[in-house]
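Worksheet: the structure to be examined is printed underneath.
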Amino acid sequence: MVELHALRQRFEQLYQQSPRIFSAPGRVKLIGEHTDYNDGFVLPIAIERRTFVAAAPRPDSTVVVHSLAMQQTVQFDLSRPGAVRRGSWLDYVEGTARALIERGFTLTGANLLIDSDVPRGAGLSASAALELSVGYALAVLGGSPRPDPLQLALAGQAAEHSYVGTLCGIMDQYISALAVANHALLIDCRALDYEPIAVQLRTACVLICDTQVKHELSSSAYNERRRQCEMGVREIARFRPTVHALRDVNLDVLEEEAPRLPPLIARRCRHVVTENARTLAAVAALKEGRLARLGDLMSESHASLRDDYEVSCAELDEAVAAVAAEPGVYGSRMTGGGFGGCTVSVLEAAAVDRAVRAIRERLRGRFGLEPEFFVTHAAAGATEE
Ligand code: GLA
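All the letters of the sequence shown, read from the start, carry residue numbers 0 to 384 under numbering that gives the first Met the number 0.
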């Protein structure tokens, strides 16, 4: 938990100024995995873990940043183009600042103090939370009292592309910027618009398990999956020119086309096509308050990611299997790119302790892992505190 009073005091000690405080959340996807770069649908919520930025303007064009997590102070000058890709957390900060300027925002120098309780490297979008909280702070200090959240999200994505070197989709920054409290967002990654979906879980809740595992494979396999999807689209489009992305393919069409595709490509496509359908079905289930149905869809999503898309790993499978038969658990699945990171489960609040024990025992017993857990509601997006 970040203590805002302590953050403010620390800022005053460091910079001899009173700050304004801004924040942005991490996120988790209830469902809709590996659909975003296929023009498809995703259903994330913002989590109750946030990055906070205490900020005050400076009279010059220097941005001074101190990170409490990193115990580091660094600075850069807005008036001088920066060194691209230092390979550190400053890339996210400077990249966002420069992307805002390119989008027409006026920025001034600033003193910043950053603290966060979003786990890093766990697939919960700690980087988007950093970009959006810093972007919001710099935009407001520079004279935009209510910065357009979509522009902030695009600036965060641009920082990833040109400063950090990650060719990510827009989803992470989008939800961190635009999340609505107590709602998931059904994001249409083609149209870049969204529908807020009330998350009414009654006595149930969302449990996140950070397995603490990260396999090397993740980024090379991610790019390979993207290429395999593109290959599938190219093949299908040869006879169906209206198909531009797997978003344009339904299961009937895929079944007709599958014999023409290499079996591996057909399986990859089947994951994406069925995951899009599951995401829309999950929205209907949430709207109708049918948690058992939502949970079944989450479990099917995990099986599809494991068997058709092959981005799970033994530790994620074990964490999901550990709770599959637990009373009060509606569904559980890996979330994020895969090969490590987190699982997300929807379960009765009364079942949380048992589920945590079951996962902990199995991950400790089989892999010697010490996973971390937290329950979250759907939080709001980037804001001034
Ligand atoms: C990573 C990417 C996201 C998305 C997921 C898979 O987390 O950053 O854009 O593709 O993988 O759903």
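In this text, a Cβ means the ideal position worked out from N, Cα and C, and glycines have one as well.
Since we're looking at a predicted model, the values are computed, not measured.
Task: 4 or more residues per run - each alpha helix (DSSP H) lying fully within the stretch 1-87 - done: 3-14
Open item on the list: So, for A122: in the same chain, excluding its five sequence neighbours on each side, which residues have a beta-carbon less than 8 Å away from its beta-carbon?
Closed with: As a first step, residue 122 is located in the sequence shown; it is residue number 123 there, counting from the start. The sequence as given places Gly at residue 122; Ala does not occur at that position. Cβ within range, chain order: T334, G335, G336, G339, G340 and C341.
TODO: Please find out if some non-hydrogen atom of the ligand GLA comes closer than 6 Å to the beta-carbon of G335.
DONE: Translated into positions along the sequence shown, residue 335 becomes position 336. For the ligand GLA, at least one heavy atom lies less than 6 Å from the Cβ of G335.
TODO: Scan the stretch 292-347 and note each continuous beta strand (DSSP E) run of 3 residues or more that stays entirely inside, going in chain order.
DONE: 328-334 and 339-347
Task: Inter-residue spacing [alpha-carbon to alpha-carbon] between L131 and E287 - done: Position 132 of the sequence shown, counting from 1, holds the residue named residue 131. Position 288 of the sequence shown, counting from 1, holds the residue named residue 287. Their backbone Cα atoms lie some 32 Å apart in a straight line.
Task: Contact check, A350 vs T210, beta carbons under 7 Å - done: For the purposes of this step, residue 350 is taken as residue 351 along the sequence shown, with counting starting at 1. For the purposes of this step, residue 210 is taken as residue 211 along the sequence shown, with counting starting at 1. Contact: no.
Open item on the list: Could you check whether the Cβ of G168 sits closer than 6 Å to any heavy atom belonging to the ligand GLA?
Closed with: What you label residue 168 is simply residue 169 of the sequence shown in a count that begins at 1. Flag set: Cβ of G168 near the ligand GLA.
- [ ] Within its chain, find whatever has a CB closer than 6 Å to the CB of R266; leave out the 5 residues flanking it on each side and keep chain order.
- [x] The count along the sequence shown starts at 1 and reaches residue 266 at position 267. If we look at R266 and ignore the five residues flanking it on each side, its Cβ neighbours are D307.
Task: A321 to F238 span [Cα, whole Å] - done: Taking the first residue of the sequence shown as position 1, residue 321 is located at position 322. Taking the first residue of the sequence shown as position 1, residue 238 is located at position 239. Whole-angstrom Cα-Cα distance: 44 Å.
Task: Among F366, S303, T375 and Y329, the one whose alpha carbon lies nearest that of G31 - done: Taking the sequence shown and counting its residues from 1, one reaches residue 31 at position 32. Checked all of F366, S303, T375 and Y329; the closest Cα to G31 is S303.
Open item on the list: I'd like to check one pair, G134 with G155: are the Cβ atoms closer than 7 Å?
Closed with: Here residue 155 corresponds to residue number 156 of the sequence shown, with the count starting at 1. Here residue 134 corresponds to residue number 135 of the sequence shown, with the count starting at 1. Yes, they are a contact pair.
- [ ] Work out the CA separation of V64 and D76 for me, nearest whole Å.
- [x] Against the sequence shown, residue 76 aligns to sequence position 77. Against the sequence shown, residue 64 aligns to sequence position 65. For D76 and V64, the distance between alpha carbons rounds to 11 Å.
TODO: Note down the Cα distance separating R79 from G294, rounded to an integer number of angstroms.
DONE: The sequence position of residue 79 within the sequence shown is 80, counting from 1. The sequence position of residue 294 within the sequence shown is 295, counting from 1. So the alpha carbons of these two residues sit roughly 51 Å apart.
- [ ] Could you tell me the distance, in whole angstroms, from the CA atom of H301 to the CA atom of A45?
- [x] Working through the sequence shown from its first residue, we reach residue 301 at position 302. Working through the sequence shown from its first residue, we reach residue 45 at position 46. So the two alpha carbons sit approximately 21 Å from each other.
- [ ] Could you name the residues that DSSP lists as bridge partners for L111?
- [x] Taking the sequence shown and counting its residues from 1, one reaches residue 111 at position 112. DSSP lists A54 and V64 as partners of L111.
Task: Simplified DSSP state of I196, which is helix, strand or coil - done: Indexing the sequence shown from 1 puts residue 196 at position 197. Three-state DSSP puts I196 in a strand.
- [ ] Give me the Cβ distance between A190 and P148, rounded to the nearest whole Å; I'm assuming they're in contact under 8 Å.
- [x] For the purposes of this step, residue 190 is identified with residue 191 of the sequence shown, where counting begins at 1. For the purposes of this step, residue 148 is identified with residue 149 of the sequence shown, where counting begins at 1. So it is not a contact: roughly 16 Å between Cβ atoms.
Task: Backbone CA spacing between A183 and L3 [nearest angstrom] - done: Within the sequence shown, the letter at position 184 stands for residue 183. Within the sequence shown, the letter at position 4 stands for residue 3. Approximately 26 Å, taken between the alpha carbons.
TODO: Less than 8 Å between the CB atoms is what I'm expecting for V52 and L111, so what's the real figure, rounded?
DONE: Taking the first residue of the sequence shown as 1, we reach residue 52 at position 53. Taking the first residue of the sequence shown as 1, we reach residue 111 at position 112. So it is a contact: roughly 6 Å between Cβ atoms.
Open item on the list: I'd like the list of long-range same chain contacts for R48, defined as Cβ closer than 6 Å, with 5 residues on each side in sequence excluded.
Closed with: Locating residue 48 in the sequence shown gives position 49, where the first residue counts as 1. Excluding sequence neighbours, R48 sits near G25, D116 and V117.
Open item on the list: Nearer than 6 Å: is that true of the beta carbon of E360 relative to any heavy atom of the ligand GLA?
Closed with: The residue you call residue 360 lines up with position 361 of the sequence shown. Because no heavy atom of the ligand GLA lies under 6 Å away, the Cβ of E360 does not count as near it: no.
Open item on the list: One question on the structure: do I196 and L206 come within less than 7 Å of each other, judged by their Cβ atoms?
Closed with: Counting from 1 along the sequence shown, the entry for residue 196 is found at position 197. Counting from 1 along the sequence shown, the entry for residue 206 is found at position 207. Cβ atoms of I196 and L206: not closer than 7 Å.
Task: Where the beta strand (DSSP E) through H182 begins and ends - done: Against the sequence shown, residue 182 aligns to sequence position 183. Taken as a continuous stretch (DSSP letters only), the beta strand (DSSP E) holding H182 covers H182 to D187.
Open item on the list: Can you look up L290 in the DSSP assignment and give me helix, strand or coil?
Closed with: Walking along the sequence shown from the start, residue 290 turns up at place 291. The answer is helix: DSSP assigns L290 an H, G or I state.
Task: Rounded C-alpha distance that separates A357 from R145 - done: The sequence position of residue 357 within the sequence shown is 358, counting from 1. The sequence position of residue 145 within the sequence shown is 146, counting from 1. Approximately 46 Å between the Cα atoms of the pair.
Open item on the list: Just list the residues that DSSP pairs F373 with in beta bridges.
Closed with: Indexing the sequence shown from 1 puts residue 373 at position 374. Beta-bridge pairing links F373 to I207.
- [ ] Tell me whether the beta-carbon of L296 lies closer than 7 Å to the beta-carbon of A280.
- [x] In the sequence shown, the residue the question calls residue 296 occupies position 297. In the sequence shown, the residue the question calls residue 280 occupies position 281. Against a cut-off of 7 Å, the Cβ pair of A280 and L296 comes out as a contact.
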